[in-house]
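Asks: Below are the structure tokens for one structure; questions will follow.
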Amino acid sequence: MWSSNVEQLKTLNTSDMEVAQLVKLKHAGIGDDACVTLITGAHQRQHPFTSADSAVNLVRAGYAESVILEIAKTDQLETIGGDAVMLRLVGLSDSAVDFILHRRLKGQPTMSSAEIGRLKNTGLTEKQILERINQGMTDAQADRKRHCARPRAITRTRDSFERTAAGPASLSHRIFNSAIRHLLYARLKCLANFACAAGKLPPRRPI
């Protein structure tokens, strides 16, 4: 760390606990200026800096220092950090992640990363999910909508299964009936020939 940055930290009366936090930040590759900014921001809000783990997780999830500082500026590293990491794991594009993150920083209604992940698993596209978020849909609203759609989906699946199952069953029934008819016809023909040979029936006239 540059001597100028060290002097800045001294003027902030950085505690031993905060020094340990700085070590974590440096090991994660966060720059000197960003470290000083994080400590300064916490002190301006009248509390020590204790969010090194959240900042490190954001770095490992691929967030730039500028985004981490933007979250820290609103004093929400602890509250938003974990969910921001999950947004990356869900598999959204960078532009979608930025859109959702900025809505949260502004305090606008936004679904959690867990709910977004569930919507993705139902087959919704990223565009469809963002449209719902832009409309202000909350977790509770998304959950109700998903549960309302589930009975219809189950009914469609059951109907489709029954039609699929009925097809082979109907075909098997027709094949069985046809086989029975052929066997009965062959048996009757055999009995008729035997009766004619025994003289019990007149011989068949040629047509």
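Going from the sequence shown to this note's numbering is simple: count from 1 and add 2. From the three backbone atoms N, C-alpha and C, an ideal C-beta is built for every residue, glycine too. Keep in mind it's a predicted model, so treat the numbers as computed, not measured.
(1) Cutting at 7 Å between CB atoms, please list the residues of its own chain near residue 139, excluding the five before and the five after it.
(2) Relative to the alpha-carbon of residue 36, which residue among 47, 98, 24 has its alpha-carbon at the smallest distance?
(3) On the DSSP letters alone, give me the boundaries of the alpha helix (DSSP H) that residue 73 sits inside.
(4) Give the secondary structure of residue 56 by DSSP, where H, G and I count as helix, E and B as strand, and everything else as coil.
(5) Please classify residue 30: does DSSP put it in a helix, a strand, or coil?
(6) Given a cut-off of 7 Å, decide if residue 92 and residue 118 are closer than it, judged by their beta-carbon atoms.
(7) Grab the span of the alpha helix (DSSP H) containing residue 123 for me, first residue to last.
(8) For residue 102, which residues from the same chain have a beta carbon less than 7 Å from its beta carbon, with the 5 sequence-adjacent residues on both sides left out?
(9) Work out the CA separation of residue 30 and residue 62 for me, nearest whole Å.
(10) Assuming residue 57 contacts residue 27 under a Cβ cut-off of 8 Å, what Cβ separation, rounded to an integer in Å, is found between them?
(11) Measuring CA to CA, which of 96, 12, 95, 43 is closest to residue 78?
(12) My guess is that residue 85 and residue 53 are in contact by the Cβ rule of under 8 Å, so how many angstroms apart are they, rounded?
(13) Which first and last residues belong to the alpha helix (DSSP H) in which residue 210 is found?
Replies: Judging by the given coordinates:
(1) 113
(2) 24
(3) 67-75
(4) helix
(5) coil
(6) yes
(7) 115-123
(8) 89, 112, 135
(9) 8 Å
(10) 6 Å
(11) 43
(12) Residue 85 to residue 53, Cβ: 14 Å. No contact.
(13) Nothing about residue 210 can be read from this structure; the chain reaches only from 3 to 209.
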